[in-house]
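Structure record follows, encoded as structure tokens.
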Amino acid sequence: MRIERIEALYEPCNCGSRCRHFNGGNYHERIYLLQYRGQLYAFYTDTREFFPSDNNTIYVREDGILDIDNTKWVEPLDDPFAPCKQGDMITPITKKDWNKIKKEKLREGWTYYEPFSKKEVSQ
Ligand SMILES: [Zn+2]
6 MRIERIEALY EPCNCGSRCR HFNGGNYHER IYLLQYRGQL YAFYTDTREF FPSDNNTIYV
66 REDGILDIDN TKWVEPLDDP FAPCKQGDMI TPITKKDWNK IKKEKLREGW TYYEPFSKKE
126 VSQ
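Using my numbering, read the sequence shown as starting at 6 and increasing by one per residue.
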């Protein structure tokens with residue numbers, strides 16, 4: 006079972022003429038609305054590239070909820086989306102709470118995307 010991307014919010018780029026948001030230290034926030042087995046999640050990440058020290062993974066807890074851990078004994082999801090970076094966060098969310106976040110971020114000038122193809126896996 007794959008994690009489905011439903012919507013996304015991107016903080017606007019303020020790098021100017023020289024893009025520094027992949028590996029130059031000027032990272033921009035990205036928030037994804039994900040769905041897994043009927044439950045919605047907010048996934049908080051940024052534009053930073055993966056570093057070798059990024060060994061976090063999304064896994065399914067015993068209660069069926071997705072969580073992030075960097076310990077070796079959790080079974081990572083078999084999904085290209087599961088490996089994630091230090092500092093990434095995932096939390097169950099209701100559509101109502103997501104819409105609140107969306108409204109607030111759009112007011113701050115963020116970009117909104119939908120829907121996401123299941124084939125699209127790059128961050
Ligand atoms: Zn930028």
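Glycine residues also receive a C-beta, built at the ideal position from the N, C-alpha and C atoms.
### Query
For E12, does the count of other Cβ atoms within 10 angstroms reach 16, so buried, or fall short, so exposed?
Numbered from its first residue, the sequence shown carries residue 12 at position 7. Buried, since its Cβ has 16 or more Cβ neighbours within 10 Å.
### Query
Near C20, which residues of its chain fall below 6 Å by C-beta distance, leaving aside the five closest residues on each side in sequence?
For this step, residue 20 is matched to residue 15 along the sequence shown. H26 and N31.
### Query
Is the region 101 to 117 close to the region 33 to 49, with three or more CB pairs under 8 Å?
Counting C-beta pairs with one atom in each stretch, the region 101 to 117 and the region 33 to 49 have three or more that are closer than 8 Å, which means they touch.
### Query
Which word fits R66, buried or exposed, when buried means at least 16 other C-beta atoms lie within 10 angstroms of its C-beta?
Counted from its first residue, the sequence shown places residue 66 at position 61. If you draw a 10 Å sphere on the C-beta of R66, you find fewer than 16 other C-beta atoms in it, and that means exposed.
### Task
Can you tell me which of the three DSSP states R130 falls into?
Missing from the structure shown is residue 130; the chain here goes from 6 to 128 and no further.
### Task
Leaving out five residues on either side along the sequence, give the residues of the same chain with a beta carbon under 7 Å from the beta carbon of D59.
Against the sequence shown, residue 59 aligns to sequence position 54. Excluding five sequence positions before and after D59, the CB atoms of its chain that fall closer than 7 Å to its own CB belong to K90 and Q91, given in chain order.
### Coarse secondary structure for K123, derived from DSSP in three states
Stepping through the sequence shown from its first residue, residue 123 is reached at position 118. Confidence is the limiting factor: at K123 the pLDDT is only 47, short of 50, which leaves the residue's position unreliable and the question unanswerable from this model.
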